[in-house]
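Chemist: Below: one structure in structure tokens.
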Amino acid sequence: MLFQVQMDVRIPHDLPETKAEALKKAERARAQELQEQGIWRHLWRHAGRYANTSIFDVASSQDLHDLLSTLPLFPFMDISVTPLCRHPSSIRDDDR
343 MLFQVQMDVR IPHDLPETKA EALKKAERAR AQELQEQGIW RHLWRHAGRY ANTSIFDVAS
403 SQDLHDLLST LPLFPFMDIS VTPLCRHPSS IRDDDR
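For the sequence shown, my numbering begins at 343 and goes up steadily by one.
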């Protein structure tokens with residue numbers, strides 16, 4: 343199943359800079375790992391914000407929740423999820 347996920351990151355201002363940088367580094371590594379596995383299919387930054395819109399390919403909404411909760415910055419995210427399905431007017435044979 344494909345899901346559009348919008349993540350708005352709000353790291354507390356009082357979080358020590360070294361801790362924040364370590365979390366960002368770990369987040370990047372996890373995101374790249376999931377992209378290499380084909381699970382995190384697309385990742386776009388929102389210009390001017392600490393936010394992104396992503397497309398995930400997972401078996402279920404529970405799998406998506408479980409995956410998102412493994413992200414190092416998860417405790418600092420506001421997340422919205424939209425399940426997706428193919429549009430009958432799409433000219434593409436697949437969703438990649």
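Even for Gly, the Cβ is constructed at its ideal location relative to N, Cα and C.
Residue range of the beta strand (DSSP E) that R387 falls in?
Modeler: Residue numbering aside, residue 387 sits at position 45 when the sequence shown is read from its first letter. Element bounds for R387: 382-387.
Chemist: Do S335 and H384 have their CB atoms nearer than 8 Å?
Modeler: The chain is shown only over 343 to 438; residue 335 falls outside these bounds and no answer can be derived.
Chemist: Contact between the region 411-421 and the region 367-381: three or more CB pairs below 8 Å?
Modeler: Because the criterion of three Cβ pairs below 8 Å is met, the region 411-421 and the region 367-381 touch.
Chemist: Give the single residue among R387, R391, G390, T424 whose Cα lies nearest to the Cα of F398.
Modeler: The sequence position of residue 398 within the sequence shown is 56, counting from 1. Ranking the options by Cα distance to F398, first place goes to T424.
Chemist: Tell me whether L409 sits in a helix, a strand or coil according to DSSP, three-state version.
Modeler: Here the question's residue 409 lines up with position 67 in the sequence shown. In this structure, L409 counts as helix in the three-state DSSP scheme.
Chemist: Identify which residue in F345, V351, P358 has its Cα closest to the Cα of D420.
Modeler: For the purposes of this step, residue 420 is taken as the residue at position 78 of the sequence shown. That would be V351, whose Cα lies nearest to the Cα of D420.
Chemist: Quick one: what does DSSP say A393 is sitting in, helix, strand or coil?
Modeler: As a first step, residue 393 is located in the sequence shown; it is residue number 51 there, counting from the start. Correct three-state label for A393: strand.
Chemist: Going by DSSP, what residue range makes up the alpha helix (DSSP H) through Q379?
Modeler: As a working note, residue 379 is residue 37 in the sequence shown. Premise fails: Q379 is in no alpha helix (DSSP H) and is neither H nor E.
Chemist: With M419 as the anchor, note down where its beta strand (DSSP E) starts and where it stops.
Modeler: For the purposes of this step, residue 419 is identified with residue 77 of the sequence shown, where counting begins at 1. Note, M419: beta strand (DSSP E), 419-426.
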